[in-house]
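**Q**
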Amino acid sequence: MSADPQIPAEATAADDWHRVNPLTPVLDSFGIIVVIIVGGGYVAQNFIQQAISDLATGDSVDLSFAAWLGSHRLVVLAVIGGLLLIIALGALYSWLAWRVMGYRVDAEAIYARSGLLAKKMRKARLDRVQSIDLQQKLLPRLLGLAELVFDVAGGKGSNVSLKYLSRKKADALRDELLAAVREVKQGTGRPAPGAPAAGDSLGEVAPQPEAETTVEEQTLDLSAPERAGDSIGVRLSKRLSTLAGDALGEAEESLTDMLAPYGVAPKLSQEGEIIRVPVHRVIIASMLKTDFLIGVLVFIAVIIAAIVLFVSGLREAAVPMLFGVLPAGIASFAAVRKNLENANFVVRLTDSGLAVSHGLVSTSRKVIPLDRVQAVCLHQPLLWRRPGWWTAEFNIASAGDAGESNLLLPVGDIDQALTMIGLALPQPALEDGVSARSLILSAMYASDSPDPEAARAEAEFHPQPRSSRIIDPLVWKRRAYALTESLLVLRLGRIERRVDFVPHERVQSMEYRQGPVQRALGLASVAVHSTAGPIRPQVTHQDAEAARRFFDEHAERTRIARQRYDEQRRAGTGIES
């Protein structure tokens, strides 16, 4: 959220502001330091490459510049002095910038200020905060610091970041603010546990007296209304007050009962973990992805070509080619590094949604509010078929920031994938008695589904007509869609399998499409618009009449589903638990 010009006067009182860590300006400028180092490394690489090339051709290495520096020592001293002056000025600027940095939290909003030359004030109202993520990049993590990111409902760039705090203080402040956000959204007007009264600052976490824990406090809240469109995860989150003591067994039993249609029985650890993805699985899965394999193949091909040129006597061409292989190696490393960010992926169910933590070098903790998930997809690259792994992503009703993760599951087996689908989506109730597991397995594997009810489940899908084989020669037999009481299920892809799920009440709009080629073949497509994200659902290349009928019927279906969902939300009523 951009700077708010109507920030109350009391929010600017100096005594109410709390300082961030003094290293924050330095860490913010660390990217510039890295660019300078990389630039120096590039110059050094050119010198080394030229030196190796000269040695390979039998020429002497040009050291004239080094000799010139040796005879002009004042130049060397001036350069060193200039560097020291730049460091001193940078340190002074960082100290002055830190002096104006700070944050303040009251009963209504959180405020963050920064900027020495161009001052900036950002405000995030607590009733607009969707989640509070805790992130630790490599260097802050080594220093024991963390960043809090407030996901605020609004346009692009609306998120507010608070960096950097000590990890202990960030954890305490995050928990306290999450409780305050829940209180504000519930409209109870009560301060969160440990929160001061209205107008007081939440910046310093005050010690709380130990409260006597009773059995009644460690149970599930069954009074919260549950709407027909709620997923299992949302329903259980509403009931959940804590995952400790006697409530742990009760929560696990409720979770198992609710996920019974999916044929899974997840176990809850003492910390409330539902899923933990081991590091080795993430590493192996990343190496079996297409982008990594392409980079490796290019790397090997260039190495072989350089060796052939060297053996053939063309050393002048071989040496630059060896340096030219660096981009392919960097691309392969970047592919693995990106996936390593999902190592140690742990999913916990809390009363705020799914709490997800991940990271090997840099770590991140965030809460996915399941009641705002708009669509989910399962994806399986070609080489993941043998181990039976799938990845799960989602669209959410939030603009978010660039590079923000939309992962529900980076890599997991069938049961883990079904667990995440069950937690994030409403149950796909079917009239013919086909279970949710049978339907989803049929969507994942088509005719190769291992489920004993595969034939009945497959009958729920509407395949593409035979006339579409001209424009979809590889996938027309696999593509299909199914409609349940609560979901639209799309089966896509042959080489890389994909399944999209869209709850009826989450559909934003629909579009009937028919290009000239489709018109000539009597085909049409219907785009089902969701919020921004990796999932773009579309019922593709159906018979034109069937597509038009689907468009009309599904538009009415989504309208009724959304109306019923909104009425239940306004009335505070729901389904039977």
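Numbers 1193 to 1769, taken from the numbering used here, label the letters of the sequence shown in order. Just so you know, even glycine gets a beta-carbon here, dropped at the ideal spot from N, CA and C.
Spatial neighbours of Val1553 within its chain, please: CB distance less than 6 Å, with the 5 preceding and 5 following residues excluded, ordered by chain position.
**A** Leu1330
**Q** Quick one: give me the first and last residue of the beta strand (DSSP E) that Trp1582 is part of.
**A** Trp1582 to Ile1588
**Q** Would you kindly check if the distance between the Cβ of Pro1602 and the Cβ of Val1691 is under 7 Å?
**A** No, the Cβ-Cβ distance between Val1691 and Pro1602 is not below 7 Å.
**Q** Measure from the alpha carbon of Ala1719 to the alpha carbon of each residue in Ala1712, Val1699, Tyr1757 and Gln1572, then state which is nearest.
**A** Val1699
**Q** In chain order, what residues of the same chain lie with their CB nearer than 6 Å to the CB of Val1139, ignoring the 5 residues before and after it?
**A** Examination of residue 1139 is not possible in this model, given that the chain is present from 1193 through 1769 alone.
**Q** Which residue spans inside the region 1263-1329 form an unbroken beta strand (DSSP E) run of at least 3?
**A** Whole beta strand (DSSP E) segments, 3+ residues: 1294-1297, 1301-1306, 1312-1317 and 1321-1328.
**Q** What residue does the beta strand (DSSP E) around Thr1732 start on, and which one ends it?
**A** Residue range Gln1730 to Asp1735 is occupied by the beta strand (DSSP E) that includes Thr1732.
**Q** Are the region 1745-1757 and the region 1608-1626 touching by the rule of at least three beta carbon pairs closer than 8 Å?
**A** No, the region 1745-1757 is not in contact with the region 1608-1626.
**Q** Any beta carbon from chain B within less than 7 Å of Glu1645's own beta carbon?
**A** Given the protein chain composition of this structure (a single chain), no chain B is represented.
**Q** Can you check which of these residues, Val1456, Ser1263, His1550 and Ser1722, is closest to Leu1610 by C-alpha distance?
**A** Val1456
**Q** Three-state secondary structure (DSSP) at Leu1599?
**A** Leu1599 carries a strand assignment under DSSP once its states are collapsed to helix, strand and coil.
**Q** Which runs of the alpha helix (DSSP H), 4 residues or longer, sit entirely within the region 1654-1717?
**A** 1708-1713
**Q** Please name the residue, chosen from Ala1316, Leu1269 and Tyr1356, that lies closest to Leu1369 on a Cα-to-Cα basis.
**A** Ala1316
**Q** Do you know whose CA, among Val1268, Leu1269, Tyr1285 and Val1271, lies nearest Pro1217's CA?
**A** That would be Tyr1285, whose Cα lies nearest to the Cα of Pro1217.
**Q** Here's the rule I'm using: 16 or more other beta-carbon atoms within 10 Å means buried, otherwise exposed. How should Val1500 be labelled?
**A** exposed
**Q** Using three-state DSSP, classify Gln1760 as helix, strand or coil.
**A** helix
**Q** Let me know if Pro1470 comes out buried or exposed under the rule of 16 or more other beta-carbons within 10 Å of its beta-carbon.
**A** Classification for Pro1470: exposed.
**Q** May I ask you to report which of helix, strand or coil DSSP gives Gly1425?
**A** helix
**Q** Classify Gly1545 as helix, strand or coil using the three-state DSSP reduction.
**A** strand
**Q** Ignore the nearest five residues each way along the sequence and tell me which others in Val1725's own chain have a CB closer than 8 Å to its CB.
**A** A small correction: the amino acid at residue 1725 is Gly; Val does not occupy that position in the sequence shown. The residues are Gln1566, Ala1567, Glu1585, Phe1586, Asn1587, Ile1588 and Asn1598.
**Q** Can you grab the Cα-Cα spacing for the pair Glu1300 / Val1376, in whole Å?
**A** 8 Å
**Q** What are the boundary residues of the beta strand (DSSP E) that includes Val1556?
**A** The question names Val, but residue 1556 is Ser in the sequence shown. Ser1556 -> beta strand (DSSP E) spans Thr1555 to Ile1560.
**Q** Please state the DSSP three-state secondary structure of Ile1466.
**A** strand
**Q** Cβ of Gly1307 within 7 Å of Cβ of Arg1211?
**A** no
**Q** Taking the alpha-carbon of Leu1428 as reference, which of Pro1561, Gly1282 and Arg1728 has the nearest alpha-carbon?
**A** Pro1561
**Q** Do the region 1322-1342 and the region 1354-1365 meet, that is, are 3 or more Cβ pairs less than 8 Å apart?
**A** Segment contact: the region 1322-1342 against the region 1354-1365, three or more CB-CB distances shorter than 8 Å; contact assigned.
**Q** Would you mind reading off the limits of the beta strand (DSSP E) that contains Glu1339?
**A** Here the beta strand (DSSP E) through Glu1339 covers Leu1337 to Val1344.
**Q** Contact defined as beta carbons within less than 8 Å: I believe Leu1679 pairs with Glu1652. What is the distance between those atoms, to the nearest angstrom?
**A** With a contact defined as Cβ atoms closer than 8 Å, Leu1679 and Glu1652 miss out at about 11 Å.
**Q** By a C-beta neighbour count over all protein chains shown, 10 Å radius and 16 as the cutoff for buried, is Leu1318 buried or exposed?
**A** buried
**Q** Please report the straight-line C-alpha distance between Val1731 and Ser1641, rounded to a whole angstrom.
**A** 22 Å
**Q** Can you tell me where the alpha helix (DSSP H) holding His1571 begins and where it ends?
**A** No alpha helix (DSSP H) contains His1571, which is instead part of the beta strand (DSSP E) from Val1565 to Gln1572.
**Q** Could you say which of Ala1621, Arg1529, Leu1622 and Glu1650 lies nearest to Leu1633 if we only look at CA atoms?
**A** Glu1650
**Q** Taking all protein chains shown into account, decide if Leu1447 is buried (16 or more other Cβ within 10 angstroms of its Cβ) or exposed.
**A** buried
**Q** By DSSP, does Lys1360 sit in helix, in strand, or in coil?
**A** Lys1360: helix per DSSP, three-state reduction.
**Q** What did DSSP end up calling Ala1725 once you bin it into helix, strand or coil?
**A** Looking at the sequence shown, residue 1725 is not Ala but Gly. When DSSP states are grouped into helix, strand and coil, Gly1725 belongs to the coil group.
**Q** What would DSSP say about Ser1353, mapped onto helix, strand or coil?
**A** strand
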